[in-house]
Every structure is written in C-alpha cells, then in structure tokens.
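Q:
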Amino acid sequence: MWNQIKFLLKRKNKDRRRPSQAKVTLTLETASPQHPDITEKLPSDVLSNIFIRLLAKEIAQLRCVCKSWNALLSESSFIKSHLHHSIHHKDEILLFFRHAFSFDRRPFTAHTSHSPDLELTNFIKLPTSPQSKDTRGDIIGSVNGLICFKYGSYDYAIHIWNPSLSMVLTLPPYSLPKDEWMVNHFRFGYDPKTDDYKVVKLTKLSGAISMLSQVEVYSMRKGLWQLITQRFPSNIKWVSDEEVVCVDGHEGHVHWLGYTDMEQKLQTILAFDLGAETFREIPLPDSILHLHEECLNAMGVLGGKLCVMSCIFEAGKCEVWEMEEYGVTESWVKHHGFSQFSADIVPYGFTLRGEFLFQVDEDANDDCLVLYDPIAAMAKNFKKMGRITISKVVEYVDSLVWVVPEERDISSCSISKF
C-alpha cells in the first residue's frame, strides 16, 4: 500500500509540475505507520486527492496511522469524495444474488468490461450467517455501497452491510401486528437532506381496505423504528418490490410500482419522501398504462433520472421511459425502444453506466442474462453457470460509508466486523 501511495504521489507531482518531487518521494519512502512524516510536507487537499484513489479497506487501515490522518480520512467531505470517485472511476462489477440466498453460497460476480461470464469468486467476504432457524436471505436494496438484506421467513431480521469494510449492522426488531395474514414490503434509501439512511416497511394486513395498513421507518441517525401515521390517499391495493437491479434513494425518495387489486394492472408509481416521510403518486406515461396485459415492468434510475422499462413478455419488445424533471408528469419522454429479440424477455433494470439488464428466455431449458448498450445498440450475453434464478443484482461500489454516526445511541443495535 505504501508503494501505491508513492506512485500516486509521483503522478500527482508530475501533473502539477512541482520541482520538489525527489524530496517528497524521499519523505514517503521514509514514512511508515510509526513515522507519517508526509503529513508535515503536504497540504490536506493534496493528501485527499491521493487517498481517494485507494480502496476503502486500505483507507480504513491508514486511519490508524496517526490522529491527523484519522481526522482527514474520517471527514464527511472526504468520504463523499471517495464515494464519488468510486462510482465514476472504477470498473463496473455486478453481484448476482440467487433467490433466497444463503451465506454459504457466494453471489455470482461479473466484471462487465472484462468478461461476459458469471463467476463464483471470493471477491467479497460474506457476513457470518445470522443466528436463525431459517437460512434464507433476500436483498432489500443497495445504495452508496451499503447493502440491506433480510434474513428469515416471517419475523425478518434486517441487516445493513458494507462489503468494503466487512461491517454489518443488525437493526432492532420492528413491530409485528398480531394478524394471521400480513405482507411486508421493504425499501432502503438515502436522504441527502439529513445525510441519513433509512429502511421503509409497508405492511398490508388481512381485511385492510387500503394497501398501506401500517408504515414503519428505521432511521440510522436515530437508531430506531418509528410508525408513520400519514396514509397514502390512493386506490393502490398492492405494490411490487420485485425489481432485480437495486438502485434506491433517488432524489431522496424510495419507489414502488403500484397496482390495482382486481385487475392487477399497473397504475402508478408510489413514492415515499425519506426526509418529510410522506407519500405521493407519480403518474406513469399513457403508453405504459395502455400496453399489453402481458407486459412486465422494471423501475430504476438511468443517467440520474427515474425510468421505467416495460417489455411485452412474449413479443420481445421493450420501451424505456425517462422522467426528465422528477415528479413532473409531463416530463416523461421515451428514451429508447427495441424489438430485436424473438424470445420472451423479462426486464431487470439499469446499471450505473446506463445499460439495460434483462433476461431472455431462449427455450424451456435455458435462459440468458443480457446487458444491452442503448448507445451502441449492442447486446452482451452473460455465460451462466447452469440454470439459476437471479433474485437481485447489486452494483458493487467501493465505499467508506458506514451506518453508525458517533453521536448515536447504538444500545439497541448489534454491530459486527467479520
């Protein structure tokens, strides 16, 4: 790691055309965790521009070098700069989680710029399996390098995981209404106004007229669950949280596709404001609402804007609609359309690089994952290891973001490093 820092510093000096390169290099060569003399020679902005190029786990180690480095590398501004650099300058790595994954079964990984293969690797270290009789887990969402997942079949234990730092936060239990039948829908997102990460739980109880019978929100800054009394004034009877590609927290909101109960027809987008903790509806384009009843839909973020991809299952045709101005119905525009696939097609969502991910069912015995580049109009097929069912796709982001602010009371939470 020290050699890597020396290399980055040499390159930085060369870019700035400073004549003191040899002197600074000598300082770095003599620097060590016991004698970090580099901090006396370089301004903090230069150090920051060097350190943001390192991996999160390496930066975590450097925090132990001295107090000045710990202060610099723990600043909120540095953590955000490192996150921005990770998102915009790293090779895209996708993590493919199987349905009802288990911690003794690693997710598949794909380096989309290097190989079209899905591989089982030790790229990330999975957390220790929670103490539960039920060994099945499901991904709730992912944002800024944090992955939220649930474990169990009924009274789910919720966890938030940073793979880069090998840290896991186990949330305190949420309320469980005493009802014979209930369905929970979870979302995980980021509120930029309060710099807070939140888990939202919608609960539908048996016999309830409204979809939103109970709403509960977990705030990381507060460290607790809170019931939300505001109800959503709509005829939405159920929502879908089956999006495969996890992109949450857009514009400080989390979203669901809302359907009517009787016809099971797509009706609207249900948005929850993580800051105000209120609901709103975002109408969909008429083109999507009037599509064939066998249409499958996926929602996500494309180029920083809310998008919906609708595919007619048996026709292999897809439309992608983009909302140019968030929350403004009239700003929906058709971003892309294609129909070059002759097989059944299932939309998965969008990647950070602006590509479309979907599944093409080629025959009864096999299907393939496809990554489509709308600019080049080219599709890349992933080679799978046997027939597997993909539940969630997470874009890996190397991140220093952690979920426990220093000022928070964490007595009701469990934090572990593995």
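The UniProt record's numbering applies: residue 1 is where the sequence shown begins, and numbers increase by one. Glycine included, every Cβ here is placed at the ideal spot set by N, Cα and C. Every value quoted in this text rests on a predicted model; they were computed, and no experiment measured them.
#1: Inspect the beta-carbon positions of S164 and G137 and report whether they are closer than 8 angstroms.
#2: For V328, which of M182, V320, I282 has the nearest alpha-carbon?
#3: Mapping DSSP to helix, strand and coil, what is Q230?
#4: From the DSSP output, which residues share a beta bridge with G141?
#5: Could you name the residues of the same chain whose beta carbon sits closer than 6 angstroms to that of H82, not counting the 5 residues immediately before and after it, in chain order?
#6: Can you name the residues that DSSP bridges to L301?
#7: Does K193 come out as helix, strand or coil in the three-state DSSP assignment?
#8: Taking the C-alpha atoms as reference points, what is the distance between Y348 and L357?
#9: Are there three or more Cβ pairs, one per stretch, closer than 8 angstroms when the segment 193 to 200 is compared with the segment 215 to 224?
#10: Tell me the rounded alpha-carbon separation between R63 and K57.
#11: On the CB-based measure, 16 or more other CB atoms within 10 Å of its CB, does G275 come out buried or exposed?
#12: Are three or more beta carbon pairs between the segment 367 to 383 and the segment 66 to 73 nearer than 8 angstroms?
#13: Which of the three DSSP states is assigned to H185 in this structure?
#14: Please name the residue, chosen from V254, Y174, K222, that lies closest to F188 on a Cα-to-Cα basis.
#15: In the DSSP assignment, find the unbroken beta strand (DSSP E) run with S391 in it and report its ends.
#16: What distance in whole Å lies between the Cβ atoms of I139 and F97, which are believed to be in contact at a cut-off of 8 angstroms?
A: In brief:
#1: Counted from its first residue, the sequence shown places residue 164 at position 164. Counted from its first residue, the sequence shown places residue 137 at position 137. Not closer than 8 angstroms, so no.
#2: Along the sequence shown, one-based indexing puts residue 328 at 328. Of the listed residues, the one whose Cα sits closest to V328 is I282.
#3: Position 230 of the sequence shown, counted from the start, is the residue given in the question as residue 230. Q230: coil per DSSP, three-state reduction.
#4: Along the sequence shown, read from residue 1 onward, the residue named residue 141 stands at position 141. Per DSSP, C148.
#5: If you number the sequence shown from 1, residue 82 lands on position 82. If we look at H82 and ignore the five residues flanking it on each side, its Cβ neighbours are I52, L400.
#6: Against the sequence shown, residue 301 aligns to sequence position 301. Correcting the residue type first, residue 301 is Val in the shown sequence and not Leu. Beta-bridge pairing by DSSP links V301 to L306.
#7: Here residue 193 refers to the residue found at position 193 of the sequence shown. Of the three classes helix, strand and coil, the one that applies to K193 here is coil, per DSSP.
#8: Numbered from 1 along the sequence shown, position 348 holds the residue referred to as residue 348. Numbered from 1 along the sequence shown, position 357 holds the residue referred to as residue 357. Rounded to whole angstroms, Y348 to L357 spans 5 angstroms at the Cα level.
#9: Touching, yes.
#10: Reading the sequence shown from its first residue, position 63 is the one you call residue 63. Reading the sequence shown from its first residue, position 57 is the one you call residue 57. Their backbone Cα atoms lie some 10 angstroms apart in a straight line.
#11: What you label residue 275 is simply residue 275 of the sequence shown in a count that begins at 1. So G275 ends up on the exposed side.
#12: Counting Cβ pairs under 8 angstroms, fewer than three are found: no touch.
#13: By one-based count along the sequence shown, residue 185 stands at place 185. Reduced to three states, the DSSP call for H185 is strand.
#14: Position 188 of the sequence shown holds residue 188. Selected option, being the one with the closest Cα: V254.
#15: Looking up residue 391 in the sequence shown gives position 391. Run containing S391: 390 to 395, per the beta strand (DSSP E) assignment.
#16: For this step, residue 97 is matched to residue 97 along the sequence shown. For this step, residue 139 is matched to residue 139 along the sequence shown. Between I139 and F97 the Cβ distance is about 5 angstroms, and since that is below 8 angstroms, they are a contact.
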